[in-house]
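Data block below; observations after.
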Amino acid sequence: ENQLQVYGPNLTEKITEGIIGEKGLFSHDWKARVGHPLSQLVYQNRGGVLPRPAPDVFAKDVTAGKIFSGKDWEVTAADAEHVQPFLDSLAYRFDTPDGSIVFTGDTQPCDSVTQLAKDAEVMLCMCWDDQEVMDENGEASFQCGTTGAAKMAQEAGVKKLVLVHIGPHLSGHPVMEKGIGDVKKIYDGELLFSEELMSFEV
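Under my numbering, the sequence shown has -14 at position 1, and the numbering climbs by one with no breaks.
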């Protein structure tokens, strides 16, 4: 069986162990799947060979910088600004021969994420709501809205901006159309307003 490797900001190791570790919240579930005769039979009927192994999970807390690499690709992280000091947040950049893609994660507009996204082919950026609405209701701090996402993408020079983590208000009509228009006033690259199960090429 393949090892599940989990890399993330501070507390990733603790949270992972607390969920699926030997004494984690879901330990009774996976122990039943490993040890109960019915679960073992289903496992064998699907092509598995006993003994059924326990989940093999490796979790590692990482900080900003290069965090993982392969033969021709690497993953770099940068600090994002969201709900510190309660939780740390990181943005990630994947550089491959086919191009670069950046996941901002939850963040407000900030230089560290903008620099991480410099000249990337694609940036997936959180965009919670219409910026004017966020300014009015007090939600404009610690997260990106339409204007924040557009400014970061434009400053970074990314070729394609994919808006993600979109709130219910911005997902509705005609707010969506206004939001797209506001982004296009600032960002001159390709824009995608994400939907569930959407796929695209880098």
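The C-beta atom is built at its ideal place from N, Cα and C for all residues, glycine as well.
A contact between stretches requires three or more CB pairs, one per stretch, nearer than 8 angstroms, and the stretch 80 to 95 meets this requirement with the stretch 121 to 136.
Within the model, the alpha-carbon separation for M183 versus G84 is close to 19 angstroms. For E175, the closest of K145, K163 and H13 by C-alpha to C-alpha distance is K145.
Beta-bridge analysis with DSSP links G50 to A62. Counting C-beta pairs closer than 8 angstroms gives fewer than three between the stretch 38 to 45 and the stretch 59 to 68, which falls short of the contact rule. Of all alpha-carbon atoms in Y77, G142, I151 and T99, the one lying nearest the alpha-carbon of M119 is that of I151. In the structure shown, L182 adopts coil according to DSSP, grouped into three states. By a beta-carbon distance limit of 8 angstroms, V168 does not contact V107. Their separation comes to about 15 angstroms. Straight through space, the alpha carbons of I52 and S97 are spaced by roughly 16 angstroms.
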